[in-house]
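Residue numbers (our numbering): 1279 to 1427.
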């Protein structure tokens, strides 16, 4: 009988991988120096406490207002987190898609209504095409007749 660790059911189970904890990097490239990101290093702590921010453009401010994140343009701070801007852009993208879907449905009903009216007048694309080709033939015949004179 196989040991418990080598049984097929044990090998195929979806247990999460356990990685070893990361090693502290050293300043001397492997020498005995002080680690670059040790808990006692104040410079490393400052680097991690800095919040990423970006200055919103006029268009970004309009998106933030349109998505309801801020009520007025004066409320928008000079620098905002990029995540806030990403969420506002995604929300605006979804709103724009909903608007386009609604306009497409309205356009479909308008085309259906105009097609029904055209059918009531006995108009069709085939009749328009035949009339256009007849007009072209007549113009071609007049052009050929004028050349022969």
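Cβ atoms here follow ideal geometry from the backbone N, Cα and C, with glycine treated the same way.
- Sequence-distant Cβ neighbours of residue 1369 in its own chain, meaning closer than 6 Å and more than five residues away, are 1345.
- Residue 1356 and residue 1374 have their C-alpha atoms some 26 Å from each other.
- Non-local beta-carbon contacts of residue 1339 in its own chain, meaning distances under 7 Å to residues more than five positions away in sequence, involve 1351, 1354 in chain order.
- In this structure, DSSP gives residue 1358 an extended state, which the three-state scheme calls strand.
- The continuous stretches of alpha helix (DSSP H) do not include residue 1348, and DSSP gives it neither H nor E.
- Looking at the backbone, the Cα of residue 1396 and that of residue 1418 are separated by about 29 Å.
- In the DSSP annotation of this structure, the continuous segment of the alpha helix (DSSP H) that includes residue 1415 starts and ends at 1403-1426.
- When DSSP reads this structure, residue 1332 sits in a beta bridge with 1358.
- About 6 Å separates the beta carbons of residue 1341 and residue 1367, which is inside the 8 Å limit, making them a contact pair.
- In the displayed model, residue 1371 falls within a helix according to three-state DSSP.
- The Cβ-Cβ distance between residue 1331 and residue 1358 falls below 8 Å.
- DSSP, reduced to helix, strand and coil, places residue 1365 within a helical segment of the structure shown.
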